[in-house]
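Enquirer: When we follow our numbering, the leftmost residue of the sequence shown carries the number 2, and every step to the right adds one.
Ideal placement from N, C-alpha and C gives every residue a C-beta, glycine not left out.
Pasting a structure here, questions to come.
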Amino acid sequence: MQKTKTAMITLCGRPNVGKSSLTNALVGEKIAIVSNKPQTTRNRIYGVVTEGDTQLVLLDTPGFHKPRSRLGDYMVKVARDSIADVDLVALLVEPVPHVGIPEQELIEKIRQSRLPAILCINKIDTVAKKDDLLAVIAAYSEAYRFDAIFPISARTRDGLDELLDEFKKYAVEGPQLFPDGMTTDQPDRQVVGEIVREKLLRNLDKEIPHGTAVEITRFIERDDEVIEVDATIYCEKASHKGIIIGKNGAMLKKISTEARQDIERFMGTKVYLETWVKVKENWRDNMNYIRSFGYNDQ
């Protein structure tokens with residue numbers, strides 16, 4: 002591996018604050034799924050940005066929340082453990098002039114870690130008057146002495162170039178961790194499974210999508226460059242299975258079509274996707290199931 006400058010940067014914050022959107026925007030392609038529902042990200046995801054002799058490794062973490070299942074416990078543990086052994090912590094918050102309990106707990110974890118930390122006030126495109134951000138900055142400046150504060154919008158890319166330049170300041174000389182052109186540590190089949198899960202989150206209401214998991218049981222790259230994928234969707238109740246499938250299979254067809262289109266964009270080739278739905282009751286409180294679906298502590 003060539004000598005380069007590298008920085009490991011943890012993106013942390015409460016659910017739905019925009020960590021995955023920011024990761025995708027900085028990396029330049031979709032490697033983390035995004036939805037308007039909280040707790041979308043379940044695992045730690047590495048996004049890799051390589052520019053010249055500098056490589057930034059972004060750790061997109063699950064949202065920090067009060068867990069209500071063993072899967073939730075796992076997600077919070079991943080978020081907590083990610084604020085350690087990195088070069089920089091970036092706390093993402095919404096433009097609200099109040100430091101909530103999740104933010105207070107993360108700030109305390111940052112304080113204990115003694116790591117450099119910056120504050121990213123995301124979603125500034127939703128703020129009517131930019132002067133309103135001054136109250137947000139004041140509230141967080143009182144809570145903790147951040148090394149820097151950046152108002153940004155992951156959606157519109159406002160402030161992202163300046164944020165990237167700030168990230169580069171924390172890069173130190175060492176071996177390049179990922180090859181040129183590599184944008185994530187996730188295997189293709191894991192990204193594919195997450196894309197299917199994203200479509201469940203986007204198309205299903207209330208609690209149902211949070212009780213789903215996706216297992217890729219078949220992933221074959223044919224000689225003609227077509228990829229064949231079999232995906233099994235697991236849910237917790239038989240009634241949920243009926244909702245996922247929908248009347249005459251309409252909902253499952255919609256989910257599968259949207260997933261296939263995104264998978265083709267990610268893989269850059271034609272994809273045949275087959276989906277099935279199975280019931281595993283209360284799998285979110287069964288550690289054997291949790292591990293089998295790829296949610297491991299490593």
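For T270 versus A260, is the C-beta distance shorter than 9 Å?
Expert: Taking the sequence shown and counting its residues from 1, the one referred to as residue 270 is at position 269. Taking the sequence shown and counting its residues from 1, the one referred to as residue 260 is at position 259. In this structure, A260 does not lie closer than 9 Å to T270 by Cβ.
Enquirer: Expressed to the nearest angstrom, what Euclidean distance is found between the alpha-carbon atoms of I153 and R203?
Expert: Here residue 153 refers to the residue found at position 152 when the sequence shown is read from its first residue. Here residue 203 refers to the residue found at position 202 when the sequence shown is read from its first residue. Those two C-alpha atoms are separated by around 24 Å.
Enquirer: Does DSSP put P152 in a helix, a strand or coil?
Expert: The residue given as residue 152 occupies position 151 in the sequence shown. In this structure, P152 counts as strand in the three-state DSSP scheme.
Enquirer: Nearest to P117 by alpha carbon, out of N283, D189, D206 and I108?
Expert: As a position in the sequence shown, residue 117 is number 116, starting the count at 1. Measuring from the Cα of P117, the nearest candidate turns out to be I108.
Enquirer: Would you say Y171 and A26 are within 9 Å of each other, going by their C-beta atoms?
Expert: Residue numbering aside, residue 171 sits at position 170 when the sequence shown is read from its first letter. Residue numbering aside, residue 26 sits at position 25 when the sequence shown is read from its first letter. In this structure, A26 does not lie closer than 9 Å to Y171 by Cβ.
Enquirer: Identify, in the order they occur along the chain, each residue of the same chain with its Cβ nearer than 6 Å to the Cβ of E222, setting aside the five sequence neighbours on each side.
Expert: Counting from 1 along the sequence shown, the entry for residue 222 is found at position 221. Counting only Cβ-Cβ distances below 6 Å, and skipping sequence neighbours, we find I228.
Enquirer: Using only the alpha-carbon positions, how far apart do L12 and D186 sit?
Expert: Residue numbering aside, residue 12 sits at position 11 when the sequence shown is read from its first letter. Residue numbering aside, residue 186 sits at position 185 when the sequence shown is read from its first letter. Cα-Cα distance, rounded: 16 Å.
Enquirer: Report the three-state DSSP secondary structure of F267 (helix, strand or coil).
Expert: Against the sequence shown, residue 267 aligns to sequence position 266. If DSSP states are grouped into helix, strand and coil, F267 belongs with the helices.
Enquirer: Return the chain-ordered list of same chain residues with a C-beta closer than 7 Å to the C-beta of R190, the five sequence neighbours on each side being excluded.
Expert: Numbered from 1 along the sequence shown, position 189 holds the residue referred to as residue 190. I217 and F220, listed in sequence order.
Enquirer: Pull the bridge partners of W277 from the DSSP assignment, please.
Expert: Taking the first residue of the sequence shown as position 1, residue 277 is located at position 276. Answer by DSSP bridge pairing, in chain order: T233.
Enquirer: For E167, collect the residues of the same chain with a Cβ closer than 8 Å to its Cβ; drop the 5 residues on either side in sequence, then sort them by chain order.
Expert: For the purposes of this step, residue 167 is taken as residue 166 along the sequence shown, with counting starting at 1. For E167, where only same-chain residues beyond five positions count, the Cβ hits under 8 Å are I119, A149 and F151.
Enquirer: Given a cut-off of 9 Å, decide if G14 and A310 are closer than it, judged by their beta-carbon atoms.
Expert: Lying outside 2 to 299, the shown extent of the chain, residue 310 is not represented and no answer is given.
Enquirer: Please report the residue range of the alpha helix (DSSP H) in which R292 lies.
Expert: By one-based count along the sequence shown, residue 292 stands at place 291. Start and end: M288 to S293.
Enquirer: Cβ of K279 versus every heavy atom of the ligand GDP: is any distance shorter than 8 Å?
Expert: No copy of the ligand GDP appears in this structure; indeed no ligand is present at all.
Enquirer: How would you call K131, buried or exposed, if buried means at least 16 neighbouring beta carbons within 10 angstroms?
Expert: Translated into positions along the sequence shown, residue 131 becomes position 130. Answer is exposed; the Cβ neighbour count stays below 16.
Enquirer: What residue from K248, V278 and K254 has the CA that sits closest to I234's CA?
Expert: The residue labelled residue 234 in the question sits at position 233 within the sequence shown. Out of K248, V278 and K254, V278 has the C-alpha closest to the C-alpha of I234.
Enquirer: Report, in whole angstroms, the separation of the C-beta atoms of E104 and N123, which I expect to be a contact under 8 Å.
Expert: Residue numbering aside, residue 104 sits at position 103 when the sequence shown is read from its first letter. Residue numbering aside, residue 123 sits at position 122 when the sequence shown is read from its first letter. Their Cβ separation, rounded to whole angstroms, is 12 Å, which puts E104 and N123 out of contact at 8 Å.
Enquirer: Over what stretch of residues does the beta strand (DSSP E) that includes L59 continue unbroken?
Expert: The residue you call residue 59 lines up with position 58 of the sequence shown. L59 -> beta strand (DSSP E) spans T55 to D61.
Enquirer: Can you name the start and end residues of the alpha helix (DSSP H) that R219 belongs to?
Expert: In the sequence shown, counting from the first residue as 1, residue 219 sits at position 218. Careful: R219 lies outside any alpha helix (DSSP H), inside the beta strand (DSSP E) at A214 to E222.
Enquirer: CB-CB under 6 Å to D88, same chain, minus the five flanking residues each way: which ones, in chain order?
Expert: Start at 1 with the first residue of the sequence shown, and residue 88 comes out as number 87. The residues are A8, M9 and Y171.
Enquirer: Around the C-beta of G53, are 16 or more other C-beta atoms found within 10 angstroms, so that it is buried, or is it exposed?
Expert: For the purposes of this step, residue 53 is taken as residue 52 along the sequence shown, with counting starting at 1. When all chains shown are included, G53 counts as exposed.
Enquirer: Where does M9 fall in DSSP's three states?
Expert: The count along the sequence shown starts at 1 and reaches residue 9 at position 8. Three-state result, M9: strand.
Enquirer: Here's the rule: buried if 16 or more other CB atoms are within 10 angstroms of the residue's CB, otherwise exposed. What is N17?
Expert: Here residue 17 is taken as the residue at index 16 of the sequence shown, counted from 1. It is buried - the Cβ of N17 has at least 16 other Cβ atoms within 10 Å.
Enquirer: State the DSSP-derived secondary structure class of H66, mapped to helix, strand or coil.
Expert: Start at 1 with the first residue of the sequence shown, and residue 66 comes out as number 65. Residue placement at H66 cannot be trusted, given a pLDDT of 43 that sits under 50; what the coordinates show is reported in the next sentence. H66 falls in the coil class under three-state DSSP.
Enquirer: Using a Cβ-Cβ distance cut-off of 9 Å, determine whether I264 contacts chain C.
Expert: Looking for chain C here will not work: only one protein chain is present.
Enquirer: On the three-state DSSP scale, how would you describe Y106?
Expert: Along the sequence shown, read from residue 1 onward, the residue named residue 106 stands at position 105. The amino acid at residue 106 is misidentified as Tyr; the sequence shows Glu. In this structure, E106 counts as helix in the three-state DSSP scheme.
Enquirer: Enumerated in chain order, which unbroken segments of the alpha helix (DSSP H) with a length of 4 residues or greater are wholly contained in the segment 110 to 161?
Expert: 134 to 144, all fully within the segment 110 to 161.
Enquirer: Does DSSP put E174 in a helix, in a strand, or in coil?
Expert: Reading the sequence shown from its first residue, position 173 is the one you call residue 174. Strand.
Enquirer: At what residues does the alpha helix (DSSP H) containing L23 begin and finish?
Expert: Counting from one through the sequence shown, the residue named residue 23 turns up at place 22. Unbroken alpha helix (DSSP H) run through L23: K20 to V28.
Enquirer: Between K238, H211 and K200, which has its C-alpha nearest K255's C-alpha?
Expert: Counting from one through the sequence shown, the residue named residue 255 turns up at place 254. If we check each option's Cα against that of K255, K200 comes out closest.
Enquirer: Between A140 and P98, which are expected to be in contact by the criterion C-beta below 8 Å, what is the C-beta distance as a whole number of angstroms?
Expert: Locating residue 140 in the sequence shown gives position 139, counting from the first residue. Locating residue 98 in the sequence shown gives position 97, counting from the first residue. Contact holds; Cβ gap of about 5 Å.
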